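For reference, the structure discussed in these notes is given below.
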Amino acid sequence: MKKINVRRGIIIHGVDDARTAVTAARSLNMSVRLVSAPGAVSFGGAAWFAEIIAAVRTEFPDVTIEAVLDCGDTPGHALAAMRAGIKSIRFTGPRRVREKITAIAKQYDAALDDDDGPALDIAQCRHPANDCLNWLAEK
Numbered sequence: 009m010k011k012i013n014v015r016r017g018i019i020i021h022g023v024d025d026a027r028t029a030v031t032a033a034r035s036l037n038m039s040v041r042l043v044s045a046p047g048a049v050s051f052g053g054a055a056w057f058a059e060i061i062a063a064v065r066t067e068f069p070d071v072t073i074e075a076v077l078d079c080g081d082t083p084g085h086a087l088a089a090m091r092a093g094i095k096s097i098r099f100t101g102p103r104r105v106r107e108k109i110t111a112i113a114k115q116y117d118a119a120l121d122d123d124d125g126p127a128l129d130i131a132q133c134r135h136p137a138n139d140c141l142n143w144l145a146e147k
């Protein structure tokens with residue numbers, strides 16, 4: 009699987025969104041970066057996101073999937089994400105807390121995600137499948 013535009017994330021809101029994004033990536037022979045909606049852990053939980061990612065990884069074993077869970081500024085959510093097996097966590101809390109969370113993340117073979125690059129929000133797409141294809145194909 010090629011790693012083209014892996015930093016062009018796609019914001020997902022559920023398993024159907026994840027399937028749409030991964031299907032687009034597979035058709036382009038690409039990896040994909042799935043990003044939860046901002047603060048998604050507050051309403052869905054870390055286990056919910058982990059289950060979505062596990063499902064699409066099982067369904068699409070030939071696609072490399074990077075998954076980023078947005079935990080907002082709540083340290084407990086970031087820790088729960090690590091316990092749920094999430095390897096890439098977005099955390100916006102104070103610097104001192106970020107440093108502590110970063111140290112703990114290393115114990116879980118996880119890392120904080122600082123990428124604020126562009127992302128396509130599937131919820132805003134009129135034609136999600138085509139929009140994902142076009143988004144990932146952009147250079």
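Numbers 9 to 147, taken from the numbering used here, label the letters of the sequence shown in order.
Using N, Cα and C, we set each Cβ at its ideal position, and we do this for glycine too.
Keep in mind that this is a model prediction, so the values were computed, not measured.
Just to confirm the assignment, what range does the beta strand (DSSP E) spanning Ile73 have? Walking along the sequence shown from the start, residue 73 turns up at place 65. Start and end: Ile73 to Asp78.
Looking only at C-alpha atoms, which of Lys108, Ala137, Ile97 and His135 sits nearest to Pro46? Position 38 of the sequence shown, counted from the start, is the residue given in the question as residue 46. Per the Cα distances, Ile97.
request  = Please confirm whether Ala127 and Gly17 have their CB atoms less than 9 Å apart.
outcome  = To locate residue 127, count along the sequence shown from 1; it is residue 119. To locate residue 17, count along the sequence shown from 1; it is residue 9. Yes, these two residues count as a Cβ contact at 9 Å.
Burial state of Arg41, where buried means 16 or more other Cβ atoms lie within 10 Å = As a first step, residue 41 is located in the sequence shown; it is residue number 33 there, counting from the start. Around the beta carbon of Arg41, 16 or more other beta carbons sit within 10 angstroms, so the residue counts as buried.
Item to complete: Could you work out which residue in Val30, Thr31 and Tyr116 is closest to Leu87 when comparing CA atoms only?
Response: Translated into the one-based positions of the sequence shown, residue 87 becomes position 79. The residue with the shortest Cα to Cα distance from Leu87 is Tyr116.
Cβ separation of Leu120 and Ala32, assumed to be a contact under 8 Å, to the nearest whole Å: Residue numbering aside, residue 120 sits at position 112 when the sequence shown is read from its first letter. Residue numbering aside, residue 32 sits at position 24 when the sequence shown is read from its first letter. Not confirmed; about 27 Å, so no contact.
task: Using three-state DSSP, classify Gly17 as helix, strand or coil.
output: Mapped onto the sequence shown, residue 17 falls at position 9. Strand, per DSSP.
Three-way DSSP call (helix, strand, coil) for Arg134 in this model:
To locate residue 134, count along the sequence shown from 1; it is residue 126. DSSP places Arg134 outside both helix and strand once states are collapsed to three, so it counts as coil.
- Message: Going by the DSSP bridge assignment, what does Arg106 pair with across the sheet?
- Response: The sequence position of residue 106 within the sequence shown is 98, counting from 1. In the DSSP secondary-structure assignment, Arg106 is not bridged to any residue.
- Assess, as a yes-or-no matter, whether the region 51-69 is touched by the region 100-112 under the definition of 3 or more beta carbon pairs within less than 8 Å. Segment contact: the region 100-112 against the region 51-69, fewer than three CB-CB distances shorter than 8 Å; contact not assigned.
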